[in-house]
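Chain order of the listed sequences is U and P.
According to the numbering used here, the stretch in the first sequence is residues 20 to 708, in order.
According to the numbering used here, the stretch in the second sequence is residues 20 to 708, in order.
C-beta: ideal position from N, C-alpha, C; glycine also.
Bear in mind that the values here come from a model prediction, so they are computed numbers and not experimental data.
I have placed the structure first, in the form of structure tokens, so that the comments after it can refer back to it.
2 protein chains.
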Amino acid sequence: MKTLFYPHDLVIVGVSESKGNMGRTIAENLDGFMFTGDVYLVGRNRGRIGTRIVYRSIRDIPVTPDLAVFLIPASHVAENLEACGKKGIKRVVIESGGFSEFADEGYEVEQQLLNIAEKYEIRFIGPNCISIINLDNGLVLPFMPMDPAVMQKGMVSLISQSGGIVFGGLKLFSCENIGVNKLISIGNKVDLNENDYLNYLIKDDETGIIGLYIESVSDGRKLMQIAASTDKPIVVLKSNTSKASNEIASFHTSALAGNDTVCDAAFAQAGMHRVKSFGEMADLFKIFQLPPMKGSNLAVIGRSGGQIVMAADAASDNNFNLIRFPEELLEHIGEHARARVIRLTNPLDMGDIFDLGFYAEVVEAVLAEPGIDGVVLQHLHGRGAETEATMELIKNIKKLSFQYRKPVAFCLMTERDEWFPLKTSTDFPLFLEPCCAIQALAASRRQAQLKAAPPSPLKAMKPVRHPGKSIMVAGIKETFELLESNGFKSADYKFAKTKENAVEAADKLGYPSALKIASSQLVHKTDAGGVTINIRDRTGFEKTANEMYDNFASLFRENNAEFMVQKMVDGGMEVILGTRRDPEFGPVVLFGLGGIFAEVFKDTAIRVAPVSENEAEKMIRQIRGYPLLAGFRGHLPCDLASLKQLIVSFSHILMDSPEIFNLEINPLIVLNDYKGCISVDARMLVNQC
Amino acid sequence: MKTLFYPHDLVIVGVSESKGNMGRTIAENLDGFMFTGDVYLVGRNRGRIGTRIVYRSIRDIPVTPDLAVFLIPASHVAENLEACGKKGIKRVVIESGGFSEFADEGYEVEQQLLNIAEKYEIRFIGPNCISIINLDNGLVLPFMPMDPAVMQKGMVSLISQSGGIVFGGLKLFSCENIGVNKLISIGNKVDLNENDYLNYLIKDDETGIIGLYIESVSDGRKLMQIAASTDKPIVVLKSNTSKASNEIASFHTSALAGNDTVCDAAFAQAGMHRVKSFGEMADLFKIFQLPPMKGSNLAVIGRSGGQIVMAADAASDNNFNLIRFPEELLEHIGEHARARVIRLTNPLDMGDIFDLGFYAEVVEAVLAEPGIDGVVLQHLHGRGAETEATMELIKNIKKLSFQYRKPVAFCLMTERDEWFPLKTSTDFPLFLEPCCAIQALAASRRQAQLKAAPPSPLKAMKPVRHPGKSIMVAGIKETFELLESNGFKSADYKFAKTKENAVEAADKLGYPSALKIASSQLVHKTDAGGVTINIRDRTGFEKTANEMYDNFASLFRENNAEFMVQKMVDGGMEVILGTRRDPEFGPVVLFGLGGIFAEVFKDTAIRVAPVSENEAEKMIRQIRGYPLLAGFRGHLPCDLASLKQLIVSFSHILMDSPEIFNLEINPLIVLNDYKGCISVDARMLVNQC
């Protein structure tokens, strides 16, 4: 991959002398950003741009450059890729559009490109992209004019499935004074995809923070594996979550929408930071440039009483503690302040102190406290009079933040005339208001926690996209046996083909009992009236068995339906455990309280399998109904240790059994005390081929 | 109030010749903003500033000005207020700090000020504030230097409990190019409070949009009344929601924190738009400058595929429909576009069209569609080359938006060098990214709906701040009788003083039955074991009655406890109905599913009483558990018509009975079909004095 970002020489294919020709613009960008390598030009008409010759074909170039950049009609891409292969060029950037994002025939052409690439061992970016910007060596390949004057080199690199997002990002980063390193527009990701670039950026010394804009996930498990392998923060903006956006995204970069809830869970599990907007992304890029927030003890210092009250609200919303400052510190500040009209608390209102040098002193004193993990400094800049003092303050705060290895989120407001002069006077990140800075600090804390306890690695699995028609419902017996072999206890049960045998079975198992129809024809048996629970005695049982037999007579006669007799389980809480193969992330596990809690309240937790003990514990605690499991209002707590083990074990079933597509225990009863869990009902879908 | 904002002449008290004197700064501000009235100066040392004399006392001024502005130590405020009274000055601005926000003794001084004011019929702002900025007449009274060059006059007025928020607001509005009209820092609101200013701004012709920053609510019901009386949008930022911020706010503007959930409900009920940050507030100020969003059909047009995918996500999150564009429109666009590489959908990707004039054409065509209610136009500005075209586009879009009376939220991104030149080239609001614009459009839609169906007016009530020790628990009998007289049916019950009478009662009521201990000493009777339900027959009942009597023997012997025998109610869903007096908003009503749903899932809806039928219906539909009431999985729906009527009726009880402090029915059983509701248990707290 390094050749792609640091080529010694390259050729642009699709150049003409005419002004505004996009190939020509690329050459101009390379010159403007002082790209150090040699640049060759190829176009249909021989000619000259500056001192460079325009060659008629790739064949004609006197050397074999490291990289070729295509800006030619879609119909000419294949032949030129072939030409690269023959020439020995191994890295190609295909910026041209008009492939699968536009029409279904595009898929075929893309497949053809893959074949040529494979034949010649070529790796390529795109098609349908604006490709690469590398400010580290001036490799600026977009076909639109770019200006180094409004960009700043830094440690943020961005991978984007949309070219417009790269351009938008550049504009936003320019306004937000965020320094960037490498920007990659990945287009239709026919060959190289986000995972390849992510892998590279993780190893790239110049990149400290990684942004990822995607509309679809190429291989979710691999993405998680890669993300979990690094200490670098990864901020991900995954769009295309709604039906309407799905429609446009599929046109635009051939995206396949996945289940957004699974994405959410998967990204978090792999330690990525998901954001919902550009603005949030920018705030996270800023916070990750600061030392990490290692704990939850925050100091808020500011000069607008109102804004620090809002900061305290945000701190509380994000589970930060505004701990009391030590007496000595308070005394020191008190002496300096016009103590008559200020009170000393955290948040600390510096409203009546105009000496900005003293702000830095207070921040230093606070940072020196071992109990404080980070600071929010809110500053309303006094235009004109304070310009130098504010610049000096920013400089000092930057020094202090790195010296004490704690984040100081500097929030600045000023009028429009000093906004950019102040921002661009520094490379220290500046936030607008405390609430945004505090949300970002929460992400920094999450990142620090990840470093301390990195996510467990995931086994790679081939994604299963099309279960097809070969899926069938497994028998309940088979399902229970599978679960039992994985450590699950089932509620005592017996099968019976006749009413008489059913009554016999119920007598043996004991009352109260439940009677169910077991038939692969009857998947939703409760809704169909095929389940009766809490039958108290033999008389009731006989009556129920008769009725059920009559109602489902044909199933018994023609489809080998059986009675399933179960002993009722006494006490405990009903939960649901489910697992299915997600097209993007493979086996995922869902846990929640049973019945209406899962169905109406959607009170569930999701993880990509396998689930570690640690994650299983988090799943249990994550649902809103957790207090009901933990022992509510004087009830004994449920056996959560057993539940945790079973979630872990359950999460391995789909990993180990490629033929299982879907498995659900509903309900699983978690007994009180240390009595374990009991499966009452379960269903399984199995892939037959 | 008008005199306060448009005085013919005023006197500044606390002026000296020395540079940086704050009183002097005020005079300079007035000159800088070309205040048209006469300005008189008063200070301890006679002198001269420019051509103005500094008088020694208020008495010495040759006229009786409309307004006096104090910037003097707290200890001198009372005597000067007295002097104003004697002089005949009726409006005073007290900017000085050092009152109740600083020390408890401040309350006494504030009371003294109120007394003086009353004596002379003076109304005053503050103390502890930066007072008024009125860009309409140049009345700029803050004691810090202000510069007209970075402000813009417009239709937004802001009332703020924090002076720093006014300054911060000015800076933000400067950067966001939001035109302001009147800014009011209300300080400790000893005399005039937010409600007075709100009332004035509602009548003020120059104000079209009102912002409100508060840390405490002075009289919540009155605020709701006033807010509900206007068509002008009111955006409220209420901070001080957490414990930590409460601490600082109480120092800073003497705030008393209320229950934030009640605030949330009350603001919504009165048609105010609550925001959580400055940034959100700015977005709402922008959207309300546009024609209203009258429906949910949105068109998204943009040039960054990625950003319009994100816009579609945001549209879906905010319940907007991206309806299909009519064929004709699509054809027209298709002809113009490089149709080969673009597909025509809503959201519409204009990425390959560079003629910005055509953007305006498309927007016009879309606006002309009767089925479309509003547009989001996302623009990535091409620096330099496009400057004129972009300015022209903004101008055209502004014209079109007002011509077609539909909002077009213009989202603009550009590099830092053109950011302010583009923004300040227009007074048309510009958003950063579609997600924020779409959230704002949702607020615009809410506002339009309010105009169509304004909130019902509330009766004013004196807030009850201190229930004190005179509160007592009412008997269950009394409580049931009160409820019955308000249309509630109770589950059949009888009281019994002895076990024998209890058994008799149960026999008469029929089984299954419930047995409870009725005693004012036993408020949480379920937790104490004083409730047994579902007793099946006489044998069981006798056993239970014996056990209960033994367990609560002393209550029976010494405290007149009785047995309460109830017939069990068959079927239905348990809900909870509660009402209490909120210190800020008076009687509020809470509704939710009973038991763990309210307790663990906090699945409740709150309104300020009285609740209209319409609001009662919204409460029922608002809770997450609504599907369980509406008929879940083939069950009959509950009697929601009856429930709705009872919520309305319940909401009047505290309105009509000033002695009731708290009333709760838990559970109220909502029966299926049209069988009504039945109260099973209830408790009431009554104020004895």
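Who are the near neighbours of residue i in its chain, counting only those whose CB is closer than 6 Å to its CB and skipping five residues on each side?
i, result
"residue 650 of chain U", "656"
"residue 594 of chain P", "612, 613, 687, 689"
"residue 286 of chain U", "255, 293"
"residue 399 of chain P", "322, 323, 432"
What residue does the alpha helix (DSSP H) around residue i start on, and which one ends it?
i, result
"residue 129 of chain U", "124-139"
"residue 436 of chain P", "435-442"
"residue 206 of chain U", "Where residue 206 of chain U is concerned, there is no enclosing alpha helix (DSSP H), given that its DSSP letter is neither H nor E."
"residue 397 of chain U", "Premise fails: residue 397 of chain U lies in the beta strand (DSSP E), 393-399, not in any alpha helix (DSSP H)."
"residue 196 of chain U", "Here residue 196 of chain U belongs to no alpha helix (DSSP H), and DSSP marks it neither H nor E."
"residue 257 of chain P", "Run containing residue 257 of chain P: none in the alpha helix (DSSP H); it sits in the beta strand (DSSP E), 253-257."
"residue 420 of chain U", "406-422"
"residue 638 of chain P", "632-641"
"residue 216 of chain U", "213-222"
Keeping to the same chain, check which residues put their C-beta closer than 7 Å to that of residue i; ignore five residues upstream and five downstream.
i, result
"residue 462 of chain U", "292, 303, 306"
"residue 331 of chain U", "319, 341, 366"
"residue 706 of chain P", "486, 489, 490, 678, 680"
"residue 516 of chain U", "581"
For residue i, tell me which candidate among the options has the shortest Cα-Cα distance.
i, options, result
"residue 151 of chain U", "U:49, U:97, U:194, U:131", "U:49"
"residue 226 of chain P", "P:120, P:217, P:582, P:234", "P:217"
"residue 472 of chain P", "P:634, P:355, P:563", "P:634"
"residue 236 of chain P", "P:506, P:654, P:602, P:418", "P:602"
"residue 108 of chain U", "U:136, U:129, U:43, U:40", "U:136"
"residue 431 of chain P", "P:423, P:580, P:421, P:443", "P:443"
"residue 240 of chain P", "P:478, P:144, P:559, P:327", "P:478"
"residue 289 of chain P", "P:328, P:243, P:252, P:315", "P:243"
"residue 546 of chain P", "U:238, U:110, U:652, U:632", "U:652"
"residue 565 of chain P", "P:404, P:599, P:683, P:520", "P:520"
"residue 702 of chain U", "U:499, U:624, U:429", "U:499"
"residue 24 of chain U", "U:44, U:436, U:160", "U:160"
"residue 666 of chain P", "P:403, P:429, P:642, P:598", "P:598"
Consider the Cβ of residue i: report whether some Cβ of chain U lies at a distance smaller than 9 Å.
i, result
"residue 316 of chain P", "no"
"residue 551 of chain P", "no"
"residue 175 of chain P", "no"
"residue 521 of chain P", "no"
"residue 227 of chain P", "no"
"residue 292 of chain P", "no"
"residue 700 of chain P", "no"
"residue 654 of chain P", "no"
For chain P, is any of its Cβ atoms less than 9 Å away from the one on residue i?
i, result
"residue 259 of chain U", "yes"
"residue 504 of chain U", "no"
"residue 329 of chain U", "yes"
"residue 433 of chain U", "yes"
"residue 232 of chain U", "yes"
"residue 353 of chain U", "no"
Can you name, in chain order, every residue of its own chain whose Cβ lies under 8 Å from the Cβ of residue i, other than the five neighbours on each side?
i, result
"residue 172 of chain U", "154, 155, 198, 199, 200"
Worksheet item: Which runs of the alpha helix (DSSP H) fall wholly inside the segment 649-707 of chain P and span at least 4 residues, in chain order?
Response: 659-675
Fill in: Segments of 4+ residues assigned as alpha helix (DSSP H) that fall wholly inside the segment 37-111 of chain U
41-51, 96-106
Discussion item. For a minimum of 4 consecutive residues, which ranges assigned as the alpha helix (DSSP H) are wholly contained in the segment 511-573 of chain P?
Written reply: 518-528, 557-570
Item to complete: Output the residue ranges of the alpha helix (DSSP H) runs that lie fully inside the segment 453-501 of chain U and measure 4 residues or longer, sorted by chain position.
Response: 453-471
Worksheet item: What are the complete alpha helix (DSSP H) segments, minimum 4 residues, inside the segment 312-356 of chain P?
Response: 324-336, 346-355
Worksheet item: Can you list, in chain order, the stretches of the alpha helix (DSSP H) that have 4 or more residues and sit fully within the segment 571-597 of chain P?
Response: 572-577
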